[in-house]
Amino acid sequence: MYKQSLPLRFLKQISIVTVAGLFAFPLYWVVVTAFNTKGGVYAIPPNFIPAFHLGPISYVISNTSWMHYLLNTVFIAGTTVLLVLISSAMAGYALAELTFKGSNVLFLLIVGVMMLPSQALLIPQYAVAFRLHLLDSYTVQIIPFAASTFGIFLFRQFFKSLPREYWESARLEGTGHLRYIARIAMPLAKPAVMTVTLLTFITSWNQFQWPLIITTSHSIQPIEVALSHYMQTFEANWRKLTSAVVLALAPIVLLFLLLQTHIVNGVAGRDSGVNR
Amino acid sequence: MITGTKKNSLGSLELDLVTNGISPKPKITSPKELLRVLKDRLVAYGLMFPALAVFVVFFYIPAAYLIYISFYHWGILSSATTYVGLKNFDILFAQPLFWHSLLTSLYYTVVMIPATVLLALAIAMLLRDGLNAKRGGLWRGAVFLPHVTPVVATSIVWVWIFNPRFGLANFILTSLHLPALGWLESQQWALPAVMIDSLWHSLGLYVIIFLAGMANVPKELLEVARLDGAKRHRVFYRIIWPLISPTTFFVVVLATVNSWQAFSQIYTMTGGPHGGAGGPAFATTTDALLVYQTAFTYLHFSLAAAMSLILFLIILTLTAMQKWISDRVVFYR
Amino acid sequence: MASVALKSVSKQYGSKLVVEEFDLEVKDGEFIVLLGPSGCGKTTTLRMIAGLESLSSGELFFGEKPVNDIPPEDRNVGMVFQNYALYPHMSVFDNLVFGLRSRRVPKAQAAKAVSKVAKLLEIEHVLTHKPRELSGGQRQRVALGRAIVREPSVFLMDEPLSNLDANLRERMRIELAQLHARLGITTFYVTHDQGEALTLSDRIVIMDQGKVRQIGTSEEVYSKPNDTFVARFIGSPGMNLWNLEWTDGPDSILAGESVQVPTLLRSAMSRIGKVVTIGVRPEHLFLSSSGTGDVVVCLDVLAIERLGSHVQLNGVLTGNPSLTVVAKLDAGVNYRRGEKICLYAKPESVYLFDPLTERRVEVFGQ
Chain Z
33 MYKQSLPLRF
43 LKQISIVTVA
53 GLFAFPLYWV
63 VVTAFNTKGG
73 VYAIPPNFIP
83 AFHLGPISYV
93 ISNTSWMHYL
103 LNTVFIAGTT
113 VLLVLISSAM
123 AGYALAELTF
133 KGSNVLFLLI
143 VGVMMLPSQA
153 LLIPQYAVAF
163 RLHLLDSYTV
173 QIIPFAASTF
183 GIFLFRQFFK
193 SLPREYWESA
203 RLEGTGHLRY
213 IARIAMPLAK
223 PAVMTVTLLT
233 FITSWNQFQW
243 PLIITTSHSI
253 QPIEVALSHY
263 MQTFEANWRK
273 LTSAVVLALA
283 PIVLLFLLLQ
293 THIVNGVAGR
303 DSGVNR
Chain U
6 MITGTKKNSL
16 GSLELDLVTN
26 GISPKPKITS
36 PKELLRVLKD
46 RLVAYGLMFP
56 ALAVFVVFFY
66 IPAAYLIYIS
76 FYHWGILSSA
86 TTYVGLKNFD
96 ILFAQPLFWH
106 SLLTSLYYTV
116 VMIPATVLLA
126 LAIAMLLRDG
136 LNAKRGGLWR
146 GAVFLPHVTP
156 VVATSIVWVW
166 IFNPRFGLAN
176 FILTSLHLPA
186 LGWLESQQWA
196 LPAVMIDSLW
206 HSLGLYVIIF
216 LAGMANVPKE
226 LLEVARLDGA
236 KRHRVFYRII
246 WPLISPTTFF
256 VVVLATVNSW
266 QAFSQIYTMT
276 GGPHGGAGGP
286 AFATTTDALL
296 VYQTAFTYLH
306 FSLAAAMSLI
316 LFLIILTLTA
326 MQKWISDRVV
336 FYR
Chain A
2 MASVALKSVS
12 KQYGSKLVVE
22 EFDLEVKDGE
32 FIVLLGPSGC
42 GKTTTLRMIA
52 GLESLSSGEL
62 FFGEKPVNDI
72 PPEDRNVGMV
82 FQNYALYPHM
92 SVFDNLVFGL
102 RSRRVPKAQA
112 AKAVSKVAKL
122 LEIEHVLTHK
132 PRELSGGQRQ
142 RVALGRAIVR
152 EPSVFLMDEP
162 LSNLDANLRE
172 RMRIELAQLH
182 ARLGITTFYV
192 THDQGEALTL
202 SDRIVIMDQG
212 KVRQIGTSEE
222 VYSKPNDTFV
232 ARFIGSPGMN
242 LWNLEWTDGP
252 DSILAGESVQ
262 VPTLLRSAMS
272 RIGKVVTIGV
282 RPEHLFLSSS
292 GTGDVVVCLD
302 VLAIERLGSH
312 VQLNGVLTGN
322 PSLTVVAKLD
332 AGVNYRRGEK
342 ICLYAKPESV
352 YLFDPLTERR
362 VEVFGQ
């Protein structure tokens with residue numbers, strides 16, 4: 033918009049690259065550390081070029097249940113995504129397309145969840161899980177996250193944006209709601225499905241505090257909790273510790289690099305659209 | 006006549022359901038009609054059920070339960086519950102550590118809010134001007150990437166960076182001929198170290214929110230201002246800043262709520278699973294951390310619940326206050 | 002197949018009456034056009050017949066059966082929407098077969114029905130295409146096909162041609178007429194285009210602000226408009242209407258300064274009052290008189306539109322600049338702007354309306 037002088041533009045480009053570099057650097061640094069030589073980690077001045085020593089990372093992979101934790105996380109995140117998609121699409125459809133008694137109240141209930149500070153609910157949530165005999169299970173790591181206000185909103189918005197004639201035409205032809213959802217509404221909602229999938233997956237992958245308090249058996253814990261334990265075990269061995277970190281980071285970073293635009297747009301749409 | 010082919014697709018939280026119901030209720034004139042209405046309702050409630058069940062069981066019941074536990078003596082090990090009135094709160098208020106944790110949270114939040122808003126806005130402005138190139142997405146991506154990374158994993162990286170002897174932070178300081186710091190081992194610098202990690206992790210989100218807010222500022226306004234000969238900083242103060250004020254308000258609220266509830270990064274950076282978190286010497290023991298430790302290290306559930314209730318009220322108050330202020334300052338179109 | 006009857010059907014949103022006391026009996030196989038400006042309630046009426054809107058009061062019958070409480074899916078109506086509402090992710094075939102399968106018509110039988118309709122509408126070669134790959138006309142046919150594949154007893158169309166360009170619209174109009182002649186399904190057709198209404202309809206229902214202004218054949222609504230609204234709405238351009246005070250002269254009546262009417266209209270005019278609304282269609286004005294006893298209209302020419310086969314003059318009554326005159330005259334004469342001319346009309350092509358009630362008053366008889 034503004035024609036700027038060349039030096040100013042140059043300065044601006046430099047600052048952009050610097051800022052981006054600052055944000056990316058810690059992730060680069062963890063890779064450098066993980067693949068560094070034994071002595072190189074503690075060298076001063078530090079080594080900024082990765083050395084590609086695969087010892088620590090192969091140790092972590094082969095001598096620990098690392099893959100097991102990874103699979104736990106994948107399983108928990110995947111199941112959560114699936115359930116969120118189903119529950120959000122269903123509720124979103126009801127709120128968008130159906131008029132029924134009490135819909136205002138139910139709508140408020142869904143909005144209200146966003147107002148509850150999660151930290152404050154931790155203790156009673158734990159108590160409820162205890163009463164339901166759900167402590168230390170996969171179920172309790174999944175079900176509390178199986179519904180999402182954001183997902184419901186996104187689907188509701190999406191279904192509302194569909195021409196009303198789609199439903200009217202289907203209805204005149206004798207199509208019921210469930211068939212309409214399955215055959216018309218959902219196939220058309222691919223963008224919403226994509227956004228909900230990605231953002232739910234990321235949130236779920238990054239869960240920490242809830243599984244930390246709610247699980248005790250290592251065998252069902254996700255990678256973040258495992259990492260937290262590993263921090264004690266490998267406390268002084270930074271190469272092994274950062275190798276474990278690299279393994280936890282790699283999938284989500286890869287996912288981000290592949291689908292960056294989708295994820296960023298989803299977040300931008302969510303946090304600008306829904307809340308204003 | 007109803008000719009609208011698209012229904013209202015405004016992305017707002019408003020209860021458009023309220024305004025939808027303008028047509029009078031269809032009169033139910035026959036049993037068959039009654040059956041049909043009932044069936045429609047059943048379908049609607051059925052569709053809402055899974056989501057609502059989760060919300061009720063894991064959010065609303067706990068919210069109610071929270072109040073209950075706060076006024077009882079309740080333990081996970083002992084099933085006996087006795088009503089104790091305000092006793093839990095009396096114990097809390099007599100604890101210096103409780104007040105200390107509130108102050109720590111306040112300190113953390115009070116620093117985080119302006120830092121978040123200023124840095125996120127600055128970076129957003131920078132990226133916005135630079136985003137004309139195709140590579141713009143790359144820089145934006147780099148800034149946002151930390152936000153999608155798991156907190157524990159990346160906090161470990163920061164622990165390593167803040168390592169007093171071999172860490173990068175002190176290497177940079179000494180290279181600049183500045184004194185090295187104790188960082189996480191120092192009472193004074195532990196919380197700032199956590200703040201740096203938190204900023205690194207969360208700024209990307211706020212930058213994206215600001216960018217989205219700025220994208221909604223009509224280009225024509227900026228062009229008109231430019232044609233009128235307004236200087237760049239005037240364009241910012243007179244046009245962009247007022248027009249994005251709802252976004253700024255939203256960022257402030259979000260940053261407040263998130264900061265007051267910060268847990269994972271503090272927990273990871275200052276101790277780990279053996280209860281040592283919050284140190285050194287309680288320098289990083291925030292409200293959220295103390296709740297966790299009270300419940301799961303010392304197993305005082307009732308006390309933790311009472312503390313949670315206070316945390317709940319604090320966040321509610323802060324949000325309400327911010328709303329009150331924003332209604333007087335924020336410019337809504 | 003079914004006859005349809007609407008008995009004082011009304012629709013109300015809040016306190017706003019959008020359809021008021023609609024009465025109509027439709028014979029089996031009849032083609033009814035609901036015509037009116039936007040906002041007149043014609044689409045709401047159509048949607049009430051479909052069952053997509055409930056009736057606020059009144060009764061609706063399909064054949065002998067009251068259908069007020071019958072949900073749309075059980076009314077066996079086919080509907081074509083203005084935007085077609087074809088499902089974009091489905092092929093033409095899937096679009097056509099979807100409704101049949103919803104009703105659990107066996108696959109083979111449904112496919113047979115689809116291919117029959119596809120043949121009828123000449124869309125067999127695009128059955129595997131997605132809607133976005135089709136031309137406007139093809140989409141239109143698919144939308145038609147989807148409505149008729151279930152062999153509905155009542156066929157509803159909501160401005161189905163409004164998304165097509167002018168040429169295609171004309172062609173589809175003819176095809177629709179042929180299709181109706183062939184299938185003979187009772188049809189309700191909503192439009193604001195009187196050209197469509199005049200060519201397609203067996204009867205036209207003209208609506209304005211929720212009220213039925215006139216129900217009749219094309220000829221009736223053109224030559225016997227019930228009131229000034231219909232007179233102005235039908236015809237292109239619509240009828241000239243002038244509110245004028247009249248005085249009785251020796252061999253003619255002078256209305257205003259520039260209009261002369263033969264005395265044989267006197268009794269009708271005196272029945273109305275001192276001020277009457279005089280109506281003459283633009284195409285009934287001529288440059289030369291055919292004999293005595295003609296209506297004479299003098300005007301100041303303001304604009305001349307040469308339209309090939311004829312010339313359209315726009316002007317105002319001489320001495321009455323607030324009353325506009327439109328005349329459709331033969332081409333070949335040179336008119337000039339600013340010119341004052343007098344035009345003639347046969348007395349039987351003159352209409353009289355009561356300016357208070359806006360109703361037409363019979364000139365002769367009664």
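Protein chains in written order, with my numbering: chain Z, 33 to 308; chain U, 6 to 338; chain A, 2 to 367. Note that CB positions come from ideal geometry on N, CA and C, so glycine has one too.
Determine the closest residue to A/G309 out of A/G292, A/L324, A/G316 and A/A332, with distance taken between C-alpha atoms.
Nearest C-alpha to A/G309: A/A332.
Of the residues Z/V63, Z/S193, Z/L148 and Z/I216, which one's Cα is nearest the Cα of U/I320?
For U/I320, the nearest C-alpha among the options comes from Z/L148.
Measuring alpha carbon to alpha carbon, tell me which residue in A/N168, A/A148 and A/P89 is nearest A/T129.
Per the Cα distances, A/P89.
Using a Cβ-Cβ distance under 7 Å, would A/L53 count as near chain Z?
Yes - at least one Cβ of chain Z is within 7 Å of the one on A/L53.
Looking at the structure shown, is A/N321 part of a helix, part of a strand, or coil, going by DSSP?
A/N321: strand per DSSP, three-state reduction.
Tell me whether the beta-carbon of U/N168 lies closer than 7 Å to the beta-carbon of U/S307.
Contact: no.
Where Z/F185 and U/P55 are concerned, what is the direct C-alpha to C-alpha distance, given to the nearest angstrom?
In a straight line, the C-alpha of Z/F185 is about 15 Å away from that of U/P55.
Give the residues of chain A in contact with Z/I216, contact being defined as C-beta atoms less than 9 Å apart.
Correct list: Y88, H90, M91 and F99.
Return the chain-ordered list of same chain residues with a C-beta closer than 7 Å to the C-beta of Z/G298, the five sequence neighbours on each side being excluded.
Only T227, L230 and L231 meet the Cβ criterion.
Z/I216 to A/V150, Cα distance in whole Å?
Distance between the alpha carbons of Z/I216 and A/V150 is about 19 Å.
On a Cα-Cα basis, can you pick out the residue from U/T179, U/Q192, U/N221 and U/V42 that is closest to U/S250?
Among U/T179, U/Q192, U/N221 and U/V42, the Cα nearest to that of U/S250 is on U/N221.
Between A/E284, A/L35 and A/E125, which has its C-alpha nearest A/I205's C-alpha?
Measuring from the Cα of A/I205, the nearest candidate turns out to be A/L35.
Of all the options A/M91, A/V231 and A/M240, which has the alpha carbon lying nearest to the alpha carbon of A/H285?
Ranking A/M91, A/V231 and A/M240 by Cα distance to A/H285 puts A/M240 first.
Output needed for A/N96: all residues of its chain with C-beta closer than 8 Å, excluding positions within five of it in sequence on either side, in chain order.
Answer for A/N96: L87, Y88, P132, V143 and R147, listed in chain order.
So, does the CB of U/F76 fall closer than 7 Å to a CB anywhere in chain Z?
Chain Z, which has no Cβ nearer than 7 Å to the Cβ of U/F76, makes this no.
Quick check: is the beta carbon of A/F354 nearer than 7 Å to any beta carbon in chain Z?
No, because no Cβ of chain Z sits closer than 7 Å to the Cβ of A/F354.
Please tell me whether A/S103 has its Cβ less than 7 Å away from any Cβ of chain Z.
Yes - at least one Cβ of chain Z is within 7 Å of the one on A/S103.
Got a sec, what are the start and stop residues for the beta strand (DSSP E) A/A304 sits in?
V296 to R307 is the span of the beta strand (DSSP E), which, as asked, contains A/A304.
Over what stretch of residues does the alpha helix (DSSP H) that includes U/D95 continue unbroken?
Note, U/D95: alpha helix (DSSP H), K92 to F98.
Taking the alpha carbon of A/S103 as the reference point, which residue from Z/S201, Z/F57, Z/I142 and Z/T65 has its own alpha carbon closest?
Checked all of Z/S201, Z/F57, Z/I142 and Z/T65; the closest Cα to A/S103 is Z/S201.
Can you give me the C-alpha to C-alpha distance between Z/Q173 and Z/L167, rounded to a whole angstrom?
Spanning the two alpha carbons is a distance of roughly 9 Å.
Inspect the CB distances between the segment 123-135 of chain Z and the segment 188-207 of chain Z and report whether three or more fall short of 8 Å.
The segment 123-135 of chain Z is in contact with the segment 188-207 of chain Z.
State the Cα-Cα distance for the pair Z/F187 and Z/Y198, rounded to the nearest angstrom.
Cα to Cα, the separation comes out at about 16 Å.
Is Z/F187 close to chain U? Criterion is C-beta to C-beta, closer than 7 Å.
No, Z/F187 lies away from the interface with chain U (no Cβ there is under 7 Å from its Cβ).
So, for Z/V63: in the same chain, excluding its five sequence neighbours on each side, which residues have a beta-carbon less than 7 Å away from its beta-carbon?
So the list reads P82 and V278, once near-sequence residues are dropped.
Starting from the beta carbon of Z/M99, find every residue of chain U whose beta carbon is closer than 9 Å, and list them in chain order.
Those do not exist, as Z/M99 stays about 16 Å from chain U at its closest Cβ, beyond 9 Å.
How many Å lie between A/K225 and A/F62 at the Cα?
A/K225 and A/F62: Cα-Cα distance of roughly 29 Å.
Mapping the DSSP letters down to three states, classify U/I128 as helix, strand or coil.
Note: U/I128 maps to helix in three-state DSSP.
Could you tell me which chain Z residues have their CB closer than 8 Å to the CB of A/N84, listed as they occur along the chain?
P195 and E197, listed in chain order.
Kindly provide the ranges of any beta strand (DSSP E) runs that are 3 or more residues long and lie completely inside the segment 247-278 of chain A, ordered along the chain.
Listed in chain order, the complete beta strand (DSSP E) runs (minimum 3 residues) inside the segment 247-278 of chain A are 253-256 and 260-263.
Suppose you measure from the CA of Z/K133 to the CA of U/L43; what does that come to, to the nearest Å?
The straight-line gap from Cα to Cα measures roughly 10 Å.
Quick one: Cα of A/V385 to Cα of A/L180, how far?
In this structure chain A extends from 2 to 367, so residue 385 of chain A is not present and cannot be described.
Can you list, in chain order, the residues of its chain with a C-beta nearer than 7 Å to that of Z/S249? Leave out the 5 residues immediately preceding and following it.
Closer than 7 Å at the Cβ level, and outside the excluded window around Z/S249, lie D168.
Could you tell me whether any Cβ in chain Z is nearer than 7 Å to the Cβ of U/T154?
It does; some Cβ of chain Z falls within 7 Å.
Go through its chain and collect everything with a Cβ distance to U/N175's Cβ below 7 Å, but skip five positions before and after it.
For U/N175, where only same-chain residues beyond five positions count, the Cβ hits under 7 Å are P169, A185 and L186.
Of all the residues that make up the segment 253-272 of chain Z, which are near chain U by a beta-carbon distance shorter than 7 Å?
Flagged, chain order: E256, L259, S260, H261, M263, Q264 and W270.
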